[in-house]
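For our numbering, add 37 to where a residue sits in the sequence shown, where the first one is 1.
In this text, a Cβ means the ideal position worked out from N, Cα and C, and glycines have one as well.
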Amino acid sequence: MSNQETKRSFSQKHPVLAVVIIEVLLLLSVTAAGAYATIKQLSYTSPVLLSFIPIAAVLILYFSLKKKWGYYGFRSLASIPKERLIDYAPLLAVLVIVALKGFRPIGVSELLFYFFFTLLVGFVEESIYRGMILNILLPKGVKTAVITSSLLFSVTHVLNALSGQNAVQTALQIVYALLIGGALALLMVRNRNILPLILFHFLHNFIQFVGNDNSDAYLGYDITILALIALYCVWLGLSLKKTVSTHPAEHSFN
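Below, the structure written as structure tokens:
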């Protein structure tokens, strides 16, 4: 066995098993936190806080000790070619549409809480799905990595979607998570920078938390966003296919 083979990490030797372990540990953590919060009658944000704060600490420790920040996409925004900044324009459009629903009256303390809460969620979920899982699966092919990471991202959000919502809202939220996951994964492969994805994820969730309640009155907004993201995924997929065919080394994470 060669030195190079010996030095390969567990995730490189067993990518599928590594992804399964990561997803199962995340789901178990959130489920256990949810059970505890239910028993103690804590707020609806408690399960995420109880599970994501230690997960964030582990991620920061792991990225730092292993010097993996750059490897998982934490790079200067200047590393994104200027001509590709247009790639992120549809994300801005999504944020504008979400903001058009309006905002509810909210106090400073609640505003600060949601700021921290949504930043935490954005960091943890992007680090896991568009950082670790996507990167682990890339040797299996870009299509496999993008689709699998997006499906797992959607599966994780099923737990949130099943909390008393009607069937239409539940279906919309699952499809929404799947399409958003696909778009962000394609962006990650194309530009190899996770910071804009964390920023979008954070702002998107923050606007939703401080905005008006997402009821049936805003169904038209949701359908518009779904159509926009679906077209966005097609555009990104075609752009990535063209990039890979002309510059095959660009989609690798070095």
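Cut-off 7 Å between Cβ atoms - residues of its own chain near A267, not counting five sequence neighbours on either side:
L216
Neighbourhood of P223 by C-beta, 8 Å cutoff - its chain only, sequence neighbours within 5 removed
Note on identity: in this sequence residue 223 is Leu, with Pro being the wrong assignment. Counting only Cβ-Cβ distances below 8 Å, and skipping sequence neighbours, we find V183, C270, L273, G274 and L277.
With three or more beta-carbon pairs closer than 8 Å as the criterion, would you say the stretch 50-57 touches the stretch 113-131?
no
Measuring from the CB of I90, is there a heavy atom of the ligand HEM at a distance below 7 Å?
Absent from the structure shown: the ligand HEM. Ligands present: none.
Can you check which of these residues, K180, A264, F243 and N228, is closest to S116 by C-alpha distance?
N228
Only counting runs of 4 or more residues, tell me where the alpha helix (DSSP H) segments fall wholly within the stretch 158-188, in order along the chain.
Here the runs fully enclosed are 171-174.
G139 versus V133 - alpha carbon distance:
So the two alpha carbons sit approximately 10 Å from each other.
For F190, is the classification buried or exposed, using 16 other Cβ atoms within 10 angstroms of its Cβ as the cut-off for buried?
Classification for F190: buried.
What do you reckon, are the CB atoms on Y151 and V247 nearer than 8 Å?
In this structure, Y151 lies near V247, with their beta-carbon atoms less than 8 Å apart.
Report the rounded CA-to-CA distance for L265 versus K44, giving the unit in angstroms.
Their backbone Cα atoms lie some 44 Å apart in a straight line.
When you compare each of H238, D259 and L221 to F154 by their alpha carbons, which one comes out closest?
Closest option to F154, Cα to Cα, is H238.
Helix, strand or coil at G257 [DSSP, three-state]
helix
Euclidean distance between Cα positions of S46 and I143:
Rounded to whole angstroms, S46 and I143 show a C-alpha spacing of 47 Å.
Please confirm whether H194 and A214 have their CB atoms less than 8 Å apart.
yes
Per DSSP, the bridge partner or partners of F140
The secondary-structure analysis by DSSP pairs F140 across a beta bridge with G248.
Which same chain residues, not among the five before or five after T82, have their C-beta less than 7 Å away from its C-beta?
F154
To the nearest angstrom, how far is the alpha carbon of T261 from that of A136?
13 Å
Among the residues of its own chain, which have a CB less than 7 Å from the CB of V212, if the five just before and after it don't count?
L263
Roughly how many angstroms lie between the CA atoms of I235 and A93, to the nearest whole one?
13 Å
Helix, strand or coil: which one does DSSP assign to R121?
Three-state result, R121: helix.
Excluding the five sequence neighbours on either side, which residues of its own chain have a C-beta within less than 8 Å of the C-beta of V158, listed in chain order?
V85, F89, H238, F239 and N242
What distance in whole Å lies between the Cβ atoms of V179 and V226, which are believed to be in contact at a cut-off of 8 Å?
6 Å
Exposed or buried, R167, counting other C-beta atoms within 10 Å across all chains shown (16 or more means buried)?
buried
Can the beta-carbon of G110 be found closer than 8 Å to that of I231?
I231 is positioned such that its CB atom lies closer than 8 Å to that of G110.
Exposed unless 16 or more other CB atoms sit within 10 angstroms - verdict on P233:
By the neighbour-count rule (16 or more Cβ atoms within 10 Å), P233 is buried.
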